[in-house]
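Working notes, beginning with the structure itself.
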Amino acid sequence: METPKHIVGVQRGWNLMSPNYQAESEISVEEVHYAPLSYGENSLNLIGDVTGKNLVELGSGGSQNAIALAKLGATVTAVDFSHNQLSHAVSESVKQKTAIDFLQADIQNLNYFRDQTFDGVISVFALEFVEHLDVFFSECNRILKKGGQLILSTTHPLGAFEWNADTNTLNVTNYFNPPVEMWKEGDQEYFGVTYFRTVENLFTNVVGNGFTVKALLEPKPLEFDKEHLSPYKGNYWTEFRDRVNAVPFAIVIKALKQ
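For the sequence shown, UniProt numbering begins at 1 and goes up steadily by one.
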């Protein structure tokens with residue numbers, strides 16, 4: 001079956017973006033991150049003790065979260081469909097002396113995993129590239145063991161709207177019908193697509209696919225003098241500082257399989 005062109009667009013776009021993104025971002029391999037310039041797992045304690053747990057990171061990118069979880073004692077599989085992102089991940093994993101199973105694959109459907117394989121699923125800033133939420137969450141439920149944990153961070157729906165840097169205001173045209181962003185990186189052939197979902201849409205899809213939501217967060221950035229404490233920072237985020245001070249960049253959900 002041929003991969004849809006917009007999925008190819010996202011894949012090729014991240015192949016092109018990866019070198020600059022990794023160079024300009026400071027992403028910890030010691031602590032799981034959820035949102036730029038914000039506190040991570042050490043403060044939020046969403047995942048808890050992972051010793052001996054079998055976890056999978058979906059849309060792992062450079063797999064810094066996967067590496068951090070492996071260093072904390074988990075058995076980790078990391079899935080991403082960008083070759084360049086995974087190349088960075090493999091190099092960093094070797095450097096950090098962690099044993100991670102890397103898989104280059106699309107996370108739109110998880111049919112390459114058996115039922116009830118994992119104790120936990122984590123996905124940070126990947127869901128916005130997934131077209132069909134219902135399929136994704138149903139598949140997450142299928143591959144999780146009973147009582148398994150889903151930790152999700154994705155772009156906040158307000159991220160769909162334009163920020164006016166002159167007035168430090170957000171132009172929200174229609175929150176209830178956020179636009180779909182079509183984008184290209186460089187001279188790539190196909191457009192990538194970013195989907196923005198309302199909080200209600202995300203919550204409804206999680207609950208409707210057999211999960212109980214235990215926490216829903218909209219992380220605020222740290223104060224400037226505490227920014228060094230964030231596991232996710234760097235020059236890449238400098239131009240967005242005023243925006244994320246006023247408008248949440250991420251929505252984070254912790255849910256358990258019923």
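All residues carry an ideal CB built from backbone N, CA and C; glycine is no exception.
Computed from a predicted structure; not experimentally measured.
- No Cβ-Cβ contact shorter than 8 Å links Lys-254 with Lys-220.
- In this structure, DSSP gives Glu-92 a helical state, which the three-state scheme calls helix.
- In the displayed model, Thr-238 falls within a helix according to three-state DSSP.
- The stretch 162-194 is shown to contain whole beta strand (DSSP E) runs of 3 or more residues at 162-164, 169-171, 181-183, 192-194, in chain order.
- Assignment of beta-bridge partners to Gly-120 by DSSP yields Leu-55, Gln-149.
- Annotation for Asp-134: the continuous alpha helix (DSSP H) segment containing it runs 133-143.
- Glu-223 carries a coil assignment under DSSP once its states are collapsed to helix, strand and coil.
- By the criterion of at least three beta-carbon pairs nearer than 8 Å, the stretch 65-73 is in contact with the stretch 24-43.
- Rounded to the nearest whole angstrom, the C-alpha separation of Val-79 and Ala-105 is 6 Å.
- Membership of Ala-250 in any alpha helix (DSSP H) is not indicated; the residue belongs instead to the beta strand (DSSP E) covering 250-257.
- Per DSSP, the continuous beta strand (DSSP E) segment holding Lys-214 begins and ends at 211-217.
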